[in-house]
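Q: A single structure is presented below for examination.
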Amino acid sequence: MSIEASVNFGETIERVRAERIRVLTSLERCESAAEAAQRSVEKRREEVELCQAAANDANERLDGAYIRLDEARQQLARMEEKTDEDRRSVERIEAQLDGACADYIEKFDVNGDGRVTPMEIMRSVFSGLFTGEKLSEAEHIVKAMFRADENGDAVVDLAEFTKAVRRMCL
Ligand SMILES: [Ca+2]
Ligand SMILES: [Ca+2]
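Written out as structure tokens, the structure reads:
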């Protein structure tokens with residue numbers, strides 16, 4: 001080998017060595033970058049799992065809330081149904097009471113003007129509507145009817161009578 005050739009050979013070896021070092025350094029950098037990326041991916045996966053667990057938990061609680069809401073709605077519907085029933089029942093009782101009041105006024109109302117005077121009540125008493133022990137009941141009724149005379153005109157009309165009876169019964 002000539003001197004020139006051996007110098008060239010030496011340079012070539014140096015270049016190859018330098019290139020090898022450069023490639024190895026680059027490879028190390030790539031490996032550490034890959035490891036960092038791997039760690040980052042694992043961290044992200046853990047975060048995603050935590051988020052999923054939180055979402056599942058929230059979903060379960062939401063389901064529970066929906067069930068409770070549904071139960072509350074059903075209960076409310078049952079209460080409304082019951083309230084309607086009660087209202088209808090009260091209306092029936094009121095209608096019966098109003099009918100009974102009208103019957104009473106009619107019974108005492110001798111001249112048929114829709115109002116009852118003390119004289120008309122007394123006439124009913126003496127015409128045999130009330131006899132014997134029923135007389136004390138008649139007195140009680142007369143007193144009650146005078147109490148029902150709200151505007152003090154000495155007659156009890158159907159409105160006054162109905163109001164008084166409702167006050168006593170409802
Ligand atoms: Ca009358
Ligand atoms: Ca009156």
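According to the numbering used here, the sequence shown is numbered sequentially starting from 1.
Just so you know, even glycine gets a beta-carbon here, dropped at the ideal spot from N, CA and C.
Predicted model, so just to flag it, every value in this text is computed and none were measured.
1. Counting Cβ pairs closer than 8 Å, one from the segment 151-165 and one from the segment 114-121, do we hit at least three?
2. With Val16 as the anchor, note down where its alpha helix (DSSP H) starts and where it stops.
3. Report whether the distance from the Cβ of Val155 to the nearest heavy atom of ligand 1 is below 8 Å.
4. Quickly, what does DSSP pair Arg115 with across the bridge? List them, please.
5. Would the segment 96-114 and the segment 158-169 be scored as touching if the rule is three or more Cβ pairs under 8 Å?
6. I'd like to confirm something about Arg88: is its beta-carbon nearer than 8 Å to some heavy atom of ligand 1, or not?
7. Any idea what DSSP makes of Glu139, helix, strand or coil?
A: This is what the structure gives:
1. yes
2. Ile3 to Phe108
3. yes
4. Asp157
5. yes
6. no
7. helix
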